[in-house]
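>
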Amino acid sequence: MHALVIGATGATGKDLVELLVQDESFEQVDIFVRRTLDIKHNKLNIHVIDFDQPAEWMHLVTGDVLFSCLGTTIKAAGSKENQWKVDYGYQYEFAKAAKENGVKRYVLVSADFASSRARSFYSRMKGKLEEAVIELNFPYTTIFNPPILERKNSDRAMENLGLKAIQLINKAGLLRSQQPLPTNILAQAMINSAKRDDKGLNAIKGKAIWQRAGADAK
């Protein structure tokens, strides 16, 4: 298979690319990034692009599966408008290009509680993206709605506080359905989904993500 990845520099994306190049089912991995990366592998092609200029890169979005795990925070983006551009706009434009170029499989990392009717800006943004990419009608669409993620060396202060709080609650035997999910488990679940013959739309959350990865929840 030929894999395409956006969000390859994030925590989930890094784990995803590392697993993809080791997986014999994938003979080529193309990643699309804003700046060059100091990584090399004979399967790996790195495309440094301007996400705001789709006419310059959309012809490159060809392959068997698009993995979409791009995302930022309001702090990093500087405003809600800029976060929307990255989390919604860039991902939708890539999905649209992939569909137009005949890519059959689409795997999206969304968020738990994503809903276009949510009060929360983040949840509403993720929900609207889900609805938009579903409308593209890929033959195979898989959407992951993970709980809070365990990211290696994360600098997201509020997320780290939330992670510690959930972990303490879990130790007390509560909210087990909201157990934090390591990004490598999510990445493996994404890869396993791309290999399955699950036509149509598939939404995966909670313990089902662990199961799809072939792992046991803690």
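Numbering (UniProt numbering), first residue to last: 1 to 218. Note that the Cβ used here is the ideal one computed from N, Cα and C, for glycine as well. Every value quoted in this text rests on a predicted model; they were computed, and no experiment measured them.
For arginine 117, does the count of other Cβ atoms within 10 angstroms reach 16, so buried, or fall short, so exposed?
Start at 1 with the first residue of the sequence shown, and residue 117 comes out as number 117. Flag for arginine 117 reads exposed.
> Between which two residues does the beta strand (DSSP E) harbouring glycine 200 extend?
Residue mapping note: residue 200 aligns to position 200 of the sequence shown, counting from 1. In the DSSP assignment, glycine 200 falls within the unbroken beta strand (DSSP E) covering 200 to 205.
> Report all residues from its chain with a CB closer than 8 Å to the CB of isoleucine 204; omit the five preceding and five following residues, and keep chain order.
Your numbering for residue 204 matches position 204 in the sequence shown. For isoleucine 204, where only same-chain residues beyond five positions count, the Cβ hits under 8 Å are Thr142, Ile143, Phe144, Asn145, Ala189, Ser193, Arg212.
> Is the Cβ-Cβ distance between alanine 114 and lysine 126 less than 7 Å?
Start at 1 with the first residue of the sequence shown, and residue 114 comes out as number 114. Start at 1 with the first residue of the sequence shown, and residue 126 comes out as number 126. Yes; because the gap between Cβ atoms is below 7 Å, this pair is in contact.
> Expressed to the nearest angstrom, what Euclidean distance is found between the alpha-carbon atoms of serine 25 and lysine 85?
Position 25 of the sequence shown holds residue 25. Position 85 of the sequence shown holds residue 85. Approximately 33 Å between the Cα atoms of the pair.
> Within 10 angstroms of the Cβ of alanine 76, are there 16 or more other Cβ atoms? Answer buried if so, exposed if not.
Translated into the one-based positions of the sequence shown, residue 76 becomes position 76. Answer is exposed; the Cβ neighbour count stays below 16.
> Rounded C-beta distance between valine 109 and cysteine 69? I'm assuming under 8 Å.
Looking up residue 109 in the sequence shown gives position 109. Looking up residue 69 in the sequence shown gives position 69. Confirmed, Cβ separation roughly 4 Å.
> Please state whether the Cβ-Cβ distance between proline 147 and aspartate 112 is less than 7 Å.
Translated into positions along the sequence shown, residue 147 becomes position 147. Translated into positions along the sequence shown, residue 112 becomes position 112. The answer is yes: Cβ separation under 7 Å.
> Hey, could you find the ends of the beta strand (DSSP E) aspartate 30 is sitting in?
For the purposes of this step, residue 30 is taken as the residue at position 30 of the sequence shown. Taken as a continuous stretch (DSSP letters only), the beta strand (DSSP E) holding aspartate 30 covers 28 to 33.
> For phenylalanine 144, which beta-bridge partners are listed by DSSP?
Along the sequence shown, read from residue 1 onward, the residue named residue 144 stands at position 144. The partner list for phenylalanine 144 (beta bridge, DSSP) reads Val109, Ile204.
> Excluding five sequence neighbours on each side, which residues of the same chain lie with their C-beta closer than 6 Å to the C-beta of histidine 2?
The count along the sequence shown starts at 1 and reaches residue 2 at position 2. Gln28, Gly63, Asp64.
> Alpha helix (DSSP H) containing valine 17: first to last residue?
One-based indexing of the sequence shown puts residue 17 at position 17. Start and end: 11 to 22.
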